[in-house]
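Residue numbers (our numbering): 6 to 458.
Backbone N, C-alpha and C define an ideal beta-carbon position, used for all residues, glycine too.
Nothing here was measured: the structure is a model prediction, and the numbers come from that model.
Here is the structure we will look at.
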Amino acid sequence: MRMSEYFMPTLKESPKEAEIVSHKLMLRAGMVKQTSSGIYAWQPLGFRVLKRIEQIVREEQNATGAQEILMPTLQSSDLWKESGRYEDYGKEMLRIKDRHERDLLYGPTNEEMITDIVRTHVHSYKDLPKNLYHIQWKFRDEVRPRFGVMRGREFLMKDNYSFDLDYEGALYSYQKMFLAYLRTYTRMGLRAFPMRADTGPIGGDLSHEFIILADTGESEVFADKKWNEVDLTAAGLSYDNKKDVNDYYEKMTSIYAATDEKHDPENCPVATDQLNRARGIEVGHIFYFGTKYSAPMKATVQNKDGEVVPLEMGSYGIGVSRLVGAIIEASHDDSGIIWPEDVAPYKIALINLDPEESVCNEFCEKLYKQLQDEFNKAPFFDEILYDERKARPGAKFADMDLIGIPWQIRKGSRQDGDTVTLKKRDSDEKHEVSIGQALDMIRESSQLNKKAA
RNA sequence: CGGGGCGUGGCGCAGUCUGGUUAGCGCGUACGGCUGGGGGCCGUGAGGUCGGAGGUUCGAAUCCUCUCGCCCCGACCA
């Protein structure tokens, strides 16, 4: 993408409505524009990041065997009346009437709808297990939206729903999701800690929030210091190996971590001096809720004995749009955003410092094509952001640091031959090297290597 | 929903208390020039009717009433 043609309205100053750093940076980088309280339009740069995150979530879900569907944003109130939540949900649910005066609602979640879909088609234990997900916009009419996309009214969420014959199956489904979540966040360059979470009226231990630590986090969290050393990458395990999945889950959940509403200082198994206290941002939530919806909505199957039993269900959410802000909270400096490579809107920034000088310009134009040929891959294709604007170097550096592209290749007329400056955004290292060496250094980076392979 | 605050060119702000000439400033932007490796400088422009409606007054960004929007703190949430 050529910057001279790109719609990327960056700002030097933060609009005053922004309070926290991720919100400020998203506005300054031209990623989003607020159109109404808690509702945002995604501009090209922000949209690309959103789509990257969505794609990582999708790939990790598919790897577990979950199947993607798409349910509508608008739902009829009928199903919600059936489950009893139409009355319970309160003003958070946006209620709408259509031209026939029928009650509709903008979905805040999809348990009812998915349960309806599944009960229509699934009647035998032979049809189980199933795990269906979608990535769709939700609306919750929060009293007070804040923190930009981290707490919007409209938000993009991945939610899936597992259906099993019995508790054992449901537990296995839950554990697979637990593992998938760890892998998902790892790919985004995050360390997200699974923490015991409130299960509400359902009870039981089967609910975890996935939380990343950040000073601006909304909730207080308590975690055993052992977590500092724990490998959260969940590498090398197969979802098909039930025992491995269970062992891993048991291992991870044996280490204490809890959000404040679940944390009881009196009965905490970890000594105070071994306990970290921090603030965290919830980026995912999984829970098992058994027959809460299947029983009242009569989503049943016949088991091997011919008995009619309600489905055992669980649901699993990831706040996709929230993650855009959360990642920035976890990864930025005074100059701007530092994108982890796999979620970066572009992988490499090529900065042409002297577009009006013919030798430099020709070098950069040629290099731009070469970079595109090597690094552009489906489904995003365009991985190179090429700044050939007639602007001062300082402005270009500032813009590129602000939007946080992982690699910068700078070329100016002062540099002889094929010498360029390679800058790594996260460490701020700069190397004066030949373009060949620069590309080797980029290729050696594990993430890009994987993509280019 | 309770408490607090703010709406003045695209962004950040001053002016409002103590009504009074063409409503200012910085950034951005258009054009010209000087520059040229971390948001440079000079000059010339464009762009707002002061969130909206009503009222008071000879006169309202400024005072009054109503209204809309946005932000912050609290209670709630992916």
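169 is the residue among 169, 6, 36, 174 whose C-alpha sits nearest the C-alpha of residue 299.
Where residue 429 is concerned, the enclosing beta strand (DSSP E) starts and stops at 424–429. In the three-state reduction of the DSSP assignment, residue 140 falls in the strand class, which pools E and B. Where residue 303 is concerned, there is no enclosing beta strand (DSSP E), because DSSP gives it neither an H nor an E. In the DSSP assignment, residue 385 falls outside any beta strand (DSSP E) and carries neither an H nor an E. Ranked by Cα distance from residue 291, the first of 340, 305, 319, 267 is 319. Our two residues, residue 67 and residue 73, have alpha carbons roughly 8 Å apart in a direct line. For the 8 Å CB-CB criterion, residue 380 and residue 388 form a contact. Three or more Cβ pairs closer than 8 Å define a contact, and the segment 326–336 falls short of that threshold against the segment 174–184. Cβ atoms of residue 79 and residue 98 stay farther apart than 8 Å, at about 12 Å.
Between residue 356 and residue 399, the alpha-carbon positions lie close to 11 Å from each other.
DSSP, read as helix, strand or coil, puts residue 79 in strand. Judged by their CB atoms, residue 373 and residue 391 are nearer to each other than the 8 Å cut-off. Judged by beta-carbon spacing, residue 28 lies within the 8 Å limit of residue 330, meaning their Cβ atoms are closer than that value. Relative to residue 132, the option among 173, 402, 420, 306 whose CA is nearest is 306. Of the residues 12, 150, 279, the one whose Cα lies closest to the Cα of residue 232 is 279. Listed in chain order, the non-local C-beta contacts of residue 347 below 8 Å within the same chain comprise 57, 61, 192, 193, 194, 452, local neighbours out to five positions each way being set aside.
Boundaries of the beta strand (DSSP E) around residue 201: 198–201. Inside the segment 352–418, DSSP marks whole beta strand (DSSP E) runs of 3 or more residues at positions 353–357, 389–392, 412–416, from first to last along the chain. In this structure, residue 326 places its C-beta atom within 8 Å of the C-beta atom of residue 160.
A direct Cα-to-Cα measurement between residue 377 and residue 411 gives close to 16 Å. Residue 439 and residue 429 have their C-alpha atoms some 15 Å from each other. Annotation for residue 331: the continuous alpha helix (DSSP H) segment containing it runs 325–335. Setting aside the 5 residues that flank it on each side, residue 254 is surrounded in the same chain by 180, 183, each with a C-beta closer than 6 Å to its C-beta; the list follows chain order.
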